[in-house]
Amino acid sequence: MAYDVRPTEAELSEARALVTVALDACERELDLEDSVRVALGWTDNPPVVAEQSGVAGTCYSGGQVEVGFNADAEGWSDAVGPVVALQYGRAWFDERVTVAFRWQRLLREAFADRFAAARFPDGPRPWRTTEEAAERWTALSDDLSERDDLAGDRATMGVAAAVGRELAAECDLAAFVDRDRSAVAAAGEAAFD
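Counting from 1, position 177 in the sequence shown corresponds to residue 182 in my numbering; the numbering is continuous, with no gaps.
Structure follows, in structure tokens:
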């Protein structure tokens with residue numbers, strides 16, 4: 006019986022080193038109250054491989070982070086740092102704000118995107134195009150006060166990235182946690198209208 010176990014020890018070792026470097030860079034900028042625990046593993050998810058340079062992450066409550074990577078994808082090693090920084094930014098935001106509404110989810114993702122972009126300015130940003138993000142904003146803008154049920158997809162992240170750019174023009178990153186629904190709405194309108 007033939008089999009293939011991925012990641013190989015060498016691939017896992019390289020990914021672990023990249024994650025550690027990224028976490029160190031993040032920690033120098035913002036301290037977390039609790040520890041971040043990263044579960045690192047392999048992904049064969051076709052959209053992640055094709056559209057996200059082979060790296061994707063998720064941040065759960067309590068600083069639990071999952072990062073999946075595929076070392077066969079072109080640019081995967083350049084994508085690890087930005088993805089880890091994005092998750093770190095989410096964890097930092099989550100320690101300060103309980104996300105209950107759509108506008109808070111957008112604010113969280115806006116913060117995380119700006120934080121990752123500042124740490125890794127040349128890193129890949131696999132969000133949907135401005136046109137697709139604008140369509141999503143149109144669908145979301147009237148319902149920002151609804152309970153959080155937003156998909157964590159690339160179109161929503163495109164909206165959040167645009168909102169984050171607008172908010173960053175008026176306040177420093179740490180002040181994002183103090184923004185309210187009207188600030189998120191105004192930033193979205195400025196970005197897409």
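C-beta atoms are modelled at their ideal positions from N, C-alpha and C, and glycine is treated no differently.
Quick caveat, the model's predicted, so the values are computed rather than measured.
- CA-CA distance, Gln92 to Arg184, rounds to 20 angstroms.
- Taking all protein chains shown into account, Ala174 has fewer than 16 neighbouring C-beta atoms within 10 Å of its C-beta and is therefore exposed.
- Around Ala117, the same chain offers Leu91, Gly94 and Arg95 as residues with beta carbons nearer than 6 angstroms, after the five sequence neighbours per side are excluded.
- A check of alpha carbon separations from Asp9 across Glu56, Val189, Arg119 and Asp49 identifies Asp49 as the nearest.
- The beta carbons of Val24 and Val72 sit about 7 angstroms from each other, so the pair counts as a contact at 8 angstroms.
- Judged by DSSP in its simplified three-state form, Gly62 adopts strand.
- Judged by DSSP secondary structure, Gln69 falls within the beta strand (DSSP E) whose first and last residues are Gln69 to Phe74.
- Between the beta-carbon of Ala61 and that of Val88 there is about 7 angstroms, and that keeps the pair under the 8 angstroms contact cut.
- Shown here, Leu149 sits in coil according to DSSP, grouped into three states, outside any helix or strand.
- Distances from the CA of Ala121 to each of Trp97, Asp158 and Ala139 were compared; the closest alpha carbon is that of Trp97.
- Per the C-alpha coordinates, the member of Val85, Leu111, Asn75 and Glu34 positioned closest to Arg152 is Leu111.
- Using a Cβ distance threshold of 8 angstroms, Arg124 and Glu34 count as a contacting pair.
- Under the 10 Å beta carbon count, Pro126 is surrounded by fewer than 16 other beta carbons and is classified as exposed.
- According to the DSSP assignment, Leu28 belongs to the alpha helix (DSSP H) that extends over Glu14 to Glu34.
- No beta strand (DSSP E) of 3 residues or more sits fully in the stretch 84–114.
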